[in-house]
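Notes follow once the structure below has been shown.
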Amino acid sequence: MIHTACPYCGVGCGVVARPDGAISADIAHPANRGRLCSKGAALAQTVFDDGRLLHPMIGGKRARWDDALGLIAAKFRQTVAEHGPDSVAFYVSGQCLTEDYYVANKLMKGFIGSGNIDTNSRLCMASSVAGHVRAFGEDVVPGVYEDWDEADLVVLVGSNAAWCHPVLHQRLLAAKAAIGTKIIVLDPRRTATAEAADLHLPLAAGSDVALFNGLLAFLKASGKVNRNWVAEHTTGLDAALDAAGPDDFEATAAACGLDPELVEIFFEMFARTERVMTVYSQGVNQSSVGTDKVNAIINCHLATGRIGRPGMGPFSVTGQPNAMGGREVGGLANQLAAHMKFDDPGDRAALTAFWNAPALTPKPGLKAVELFEAIEAGRVKAVWIVATNPADSLPRTDRVRAALARCPFVIVSDCWPTDTAALADVVLPASAWGEKDGTVTNSERRISRQRPFRPAPGEARADWWMFAEVGRRMGWEAEFAWQTPAAVFREHAALSGLENNGKRVFDISRFADLDDAGYDALQPVRWPAQAGSADEGGRQFGDGGFPTPDQRARLVPTPWRGLPARGSRPLILNTGRIRDQWHTMTRTGLVPSLMAHTPEPVLTIHPLDAAAAGIAENGLVRLATDEGEVVLRADLRHTVRRGEVFAPMHWTDLFASTGPVGRVVGARLDPVSGQPELKATPATVTPVASLFHGLLLRRTGSALADVCHWVRVPVESGQLYRLTGLRALPEGDDLPRFASLLLGAPAGAELLEMTDPGRGVLRVAAIVDGALEACLFLARDAPALPGEAGLTAMLGGIVADGFRPRLLAGRPDCGVADEGPRVCACYGVSRNAVRHAVVTHRLNTAAEVGVRLRAGTNCGSCLPEIEEILRDVRMPVG
Amino acid sequence: MITPKRRNLVIVGNGMAGIRALEDILTRAPLAFNVTVFGAEPHGNYDRIMLSPVLAGEKTFASIVTHDRDWYARNGIALIAGEPVVAIDRAARTVFGAHGTTCHYDVLLLATGSNPVIIPVPGHTLPGVIAFRDIADVETMLDAARAGRRNAVVIGGGLLGLEAANGLARNGMTTTVLHLMPTLMERQLDPVSAAMLEADLVRRGLTVLTGANTKAILGTDRVEAVELTDGTIIPADLVVMAAGVRPNIALGKAAGLACGRGIQVDDGMRTSDPAIYAVGECVEHRGAVFGLVAPLWDQAKVAADRITGVAATDYVAAVAGTRLKVTGIDMFSAGDFTGDAGAEVLTLRDGARGQHRRLVLCGGRLIGAVLYGDARDAGWYFGLIQDGTAIAAQRDDLLFGPPAAPAVDASVQRETVE
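As they're listed, the protein sequences go chains A and G.
Start counting the first sequence at 1284; every next residue gets the next number (the numbering used here).
Start counting the second sequence at 7; every next residue gets the next number (the numbering used here).
As structure tokens, this is what we get:
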């Protein structure tokens, strides 16, 4: 049994890989104590070698590692020689282990001599980092997970924890059950998290600063400012209050588009609850005023002194498993290393000496969005992209792709083919989770080991190794000589203690001398972990002691500047995660059970906005912004505010014809953090006529040709595609050709075909060696399509002779009923099954549903949906 | 008890239509008539449809005889077999047999059937050129095979021709089918099904030539070959003409009955002479002539009702269905399978299995169907056509045959299992 850490979100759960391939929760890990979410529970299904990148490729041709690494070293050396160090860049990832990050950062900032290493954490955490630094002097999360158990009030801001950090959300719900923790959710959307809250404030997207300014004024007015604490440990309260404006919750409510009564209740609950936490995530960070949002939140905690003590404080929850670890090593362009600072000459001198760095960069580098603008402008001429997929995940993806396409030298290291890898000159096969060996740090500063439990396939190698090899080939043999990740970790730990003496909270110098066996055995540990101390790091700043020159925290004035203008576009586009997917689906998109909850990217729109635009439920919508347009299926719900629409961030060209929603997302930047606004792009919607509908199942295949609107859903035995015609079906002889293109059947396949031209119906099935290889159902009207479940169950199965004719009926008599969307991913329980059980057995609670169907009894992230079904079913008719 | 005087019923034609009408008459009024049946063939009645299986060696002649001489005797019917009727004196209500038998009738029922079309190409009278109409033809073919004659040519790739060709091949003869039209059985099959049929026949060892126009039958003492207009010469020891049938109206016409292509009858199956009825392949009803068995049964019923006077029913021509009696080839065709403007066509094809379905809809109803390769659902479709069932609601499932028994609600099933 190998103990390791989950590769998904920033909760950082421990998992155990068993020799039989099973992967389950680690009961002993303090982050999750035996719990896992739907994604974590499906990890074992993502561990296989099919489809992996196996060999280095240069210009699309297989190459030897030696040649690929030699080419990279030569190209970087040459580019730096001709155009200076800032003409090259690394774009790395919160999926990288700390050791990967450390080596990359050292190579770029210390040896190539540029600040141009940034990470996809820029899209995720940069505003929190900036807010922390502005308020505390260092990027430190003050709280710990135990606070979630001990708070009396938890305010979740811009966080759909029920879906995005399910294990922490379950922990919160358990605390609620045990001690009655109150939960308030501030989110424009009525998310699953909001469903489980005591109070939901559906504030207008981007109005958080107004709300927390109002709260700060209210706290002052209601005498909740902790005068002594503020006087002793902070500066800037008066300026912050000035900027916050008057205590007027009517005005606040108006600014936020909220019911004043809700605002008043929220303010009063916050004010009267000493043990209050404010948990925030991407709804706060991914904003052009993200850093101000963070500081507006922190201001309220500093003003009340509710920080660093049990059950209280601001708490940033990170999106990625190692966003925090990346920040520790300096993986962001505006960080140096180990929480040292560019603008501190002492730090720079110490680091130069420690690294023996020939060219330590004196200044920060380009942040993600700027970096790709520099590539677009030709200023950056060589870029190495690691474990991230900016061709899908950055805003303005079409510009990103164009930039990469014209960039003279692009290297991509990854585990699976991606839309980004398709644009690379050199592709390097990286070892994946389960093969990688190193450490990650979660949202509460806890360092956990990721341990390998299987060999990497083909020639896949660790990212740190690739960077070290290139460093050596660029001439720095001694400085990049590590042979193990443990050696890298020791250096990182030693650096954290370098001339520290309490100057920086981040200090793990206790591990500077950790031997390889100790590294292998390293138990989850929270920093700070200074040399000479045995305790693990706990809450910070309860008694002040901020890592600023005067040891005081700063309350930062965050004046409310109003919502940005929408121009002529009436809607605001919000984007984000859905429950069972991760990032650009390179891993979760392989798992059929994780596709079942939301098989298709939909645009959630308020029914009244939809009606005004002439958009019907399940109809196609053209979503247009200043950046471009995509076509998505409409999902009419009251869970979004009027005037706001929501689209998931996950889909890519490999999964849908319309590609990433990033195509239409603008890139207005937070002026402090450089984090792009991903949740508030002005948009318009128009209905798109569906001229035909189709269902395609294939045992093999990925992206389809650009012949219609399509969405690919991996299923147990292959791929399911939902097709929609933006143009009419071809007629006459063109129709069979069109069908054959979609079907992709191998030569020699036996074809079954049904036609009903009068209804625009064509159905074709291909049988190879007696098994169903592919089938295609086209119809002018959606009702003429068969259900998906039965057919999906048939794919790859032997088609009995007697059954062949019925195959194209599309409802094989094999007892598989269409069950509707999957609610519980862990136990595969559908919405209809839950409804049926609720009705049949007169179930009243989610717990009763759990007893009967097991639904909701593992990760619990579907419990809000089960509650919704219970409410629906019990709703009186008429 | 007074027995009413029995009237004389004479039936000309001891075939399927005539005898079915007779049975229906006996059922309705067993004692009403003295019945005399004239038959040209020297047998009782047999199931002409089953001649193909006899030829193919799958059945014996005895097994297809439906009414042997005993049956006539038991029912008090005078059977005059082997003596065709040559004339009718309608004024005297008398028929005259070829061998001198005369017979008075009160009611006359003509069921003279049809004659095969013999294409008048040069050589068509040579010995070895036969039709496929009765048991004698079957015997001729079987004799030819038994005599070691090697090559057979069947002219006509319709229902009958293909059954004959299959039978000959089964008897060991090298058999070629010549068909004038581009596809086989074009009156029953769409081109896709016809192509599958052709492939199936070829797989069984037949040679099929479509678009084949016979120019002459060659031979001096007997048939030796068939020459096509394109110059192709096909050796032949036996030529079977199966180019269709023509209603046998000679007797009726000579008697002055109104005739078109067939002996014209009204809806009560009565000819232009009120004492004379006609049924079967010899009749023309509202411009239509008949070649399939199902309409004959309906006509027999109407004629029996009218002749016995139990009911004044009218004959309504119904859609008929066709099957090819070639063992291992399953097909069915009914109704208008082409589909004019205004009709809609649904198809289902499994090329590898040689299966095809073609359904023609008009006005939301099924008006024609071709099933090739798997005709198990023929009865269901035939019912839909005959009943004019509205099928709009089941259109998407129509090609897949009758709905199965209602499925058990899967979720309920699972619950029970738990």
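Every residue gets a Cβ at the ideal spot worked out from N, C-alpha and C, and that includes glycine.
Here the structure is a predicted model, which means the values were calculated and not measured.
Sort out for me which residues DSSP pairs residue i with in a bridge.
i                  : result
Tyr283 of chain G  : G:Leu115, G:Arg276
Val1724 of chain A : Strictly speaking, residue 1724 of chain A in this sequence is Thr, with Val absent from that position. In the DSSP output, where bridge partners are listed per residue, Thr1724 of chain A has A:Ile1730.
Gly45 of chain G   : G:Ala87
Ser1714 of chain A : DSSP output for Ser1714 of chain A lists no bridge partner at all.
Pro1597 of chain A : A:Thr1561
Lys1344 of chain A : A:Ile1341
Val2122 of chain A : BP columns for Val2122 of chain A are empty, so no partner.
Arg371 of chain G  : G:Cys368, G:Ala396
Taking the continuous beta strand (DSSP E) assigned at residue i, which residues delimit it?
i                  : result
Ala2054 of chain A : 2054-2062
Thr180 of chain G  : 180-185
Glu2131 of chain A : Note, Glu2131 of chain A: premise wrong, no beta strand (DSSP E); alpha helix (DSSP H) at 2129-2136.
Ile1462 of chain A : Ile1462 of chain A -> not in any beta strand (DSSP E); alpha helix (DSSP H) instead, spanning 1449-1462.
Leu192 of chain G  : The sequence shown places Glu at residue 192 of chain G, rather than the Leu named in the question. Note, Glu192 of chain G: premise wrong, no beta strand (DSSP E); not H, not E.
Arg363 of chain G  : 361-368
Can you have a look at residue i and say buried or exposed, based on whether 16 or more other CB atoms are within 10 angstroms of its CB?
i                  : result
Glu1544 of chain A : exposed
Pro409 of chain G  : exposed
Glu290 of chain G  : buried
Gln1813 of chain A : buried
Glu1365 of chain A : exposed
Asn1315 of chain A : buried
Glu1718 of chain A : buried
Arg267 of chain G  : exposed
Glu1533 of chain A : exposed
Arg1689 of chain A : exposed
Leu2025 of chain A : buried
Considering just the uninterrupted stretch of the alpha helix (DSSP H) at residue i, what are its terminal residues?
i                  : result
Trp1748 of chain A : 1746-1756
Asn1783 of chain A : Asn1783 of chain A -> no alpha helix (DSSP H), and no H or E assigned at all.
Gly1497 of chain A : 1491-1504
Excluding five sequence neighbours on each side, which residues of the same chain lie with their C-beta closer than 7 angstroms to the C-beta of residue i?
i                  : result
Thr1983 of chain A : Gly2001
Asp2084 of chain A : none
Ala2100 of chain A : Bear in mind that a pLDDT of 46 at Ala2100 of chain A, under 50, signals an unreliable position, so the number given afterwards is only what the model happens to contain. So the list reads Ala2072, once near-sequence residues are dropped.
Ser1411 of chain A : Asn1568, Val1577, Ser1599
Ala1480 of chain A : Ile1466, Ile1467, Val1468
Asp1303 of chain A : none
Take residue i and list the residues in its own chain whose beta-carbon comes closer than 6 angstroms to its own, dropping the five residues that flank it on each side.
i                  : result
Gly1588 of chain A : Asn1509, Trp1512
Arg312 of chain G  : Gly274
Val351 of chain G  : Gly345, Val366
Gly2098 of chain A : For Gly2098 of chain A, the pLDDT reaches just 37, beneath the cut-off of 50, and the residue's location in the model is therefore unreliable, leaving the point undetermined.
Asp2155 of chain A : none
Arg1345 of chain A : His1338
Thr1881 of chain A : Ile1861
Leu2078 of chain A : Leu1980, Ser2000, Gly2001, Leu2055
Leu15 of chain G   : Phe39, Val41, Val113
Using a Cβ-Cβ cut-off of 8 angstroms (strictly less than) and excluding sequence neighbours within five positions of residue i, which residues of its own chain qualify?
i                  : result
Ser1816 of chain A : Arg1793
Arg2042 of chain A : Ala2062, Arg2063, Asp2064, Ala2067
With a threshold of 7 angstroms (Cβ to nearest heavy atom), would residue i be considered close to the ligand COA?
i                 : result
Thr189 of chain G : The ligand COA is absent from the structure shown, which contains no ligand whatsoever.
Open item on the list: Please give the ranges of any alpha helix (DSSP H) in the stretch 1909-1977 of chain A, keeping only runs that are unbroken, at least 4 residues long and fully inside the region.
Closed with: The stretch 1909-1977 of chain A contains no whole alpha helix (DSSP H) run of 4 or more residues.
TODO: Can you check the stretch 238-320 of chain G for any beta strand (DSSP E) of at least 3 residues that lies completely inside it and give the ranges in chain order?
DONE: Listed in chain order, the beta strand (DSSP E) runs fully inside the stretch 238-320 of chain G are 239-241, 244-247, 251-253, 269-271, 282-284, 289-291, counting runs of at least 3 residues.
Task: Whole runs of the beta strand (DSSP E) within the stretch 1614-1677 of chain A, excluding any shorter than 3 residues - done: Listed in chain order, the complete beta strand (DSSP E) runs (minimum 3 residues) inside the stretch 1614-1677 of chain A are 1665-1669.
TODO: Identify every run of the alpha helix (DSSP H) within the stretch 141-176 of chain G, keeping only runs that are complete inside it and at least 4 residues long; order them along the chain.
DONE: 141-152, 165-176
TODO: Pick out the complete alpha helix (DSSP H) segments inside the stretch 1395-1427 of chain A, 4 residues or longer, and give them in chain order.
DONE: Complete alpha helix (DSSP H) runs here, min 4: 1409-1419.
Open item on the list: Give the list of continuous beta strand (DSSP E) stretches no shorter than 3 residues that lie fully inside the stretch 1298-1386 of chain A.
Closed with: 1306-1308, 1371-1375
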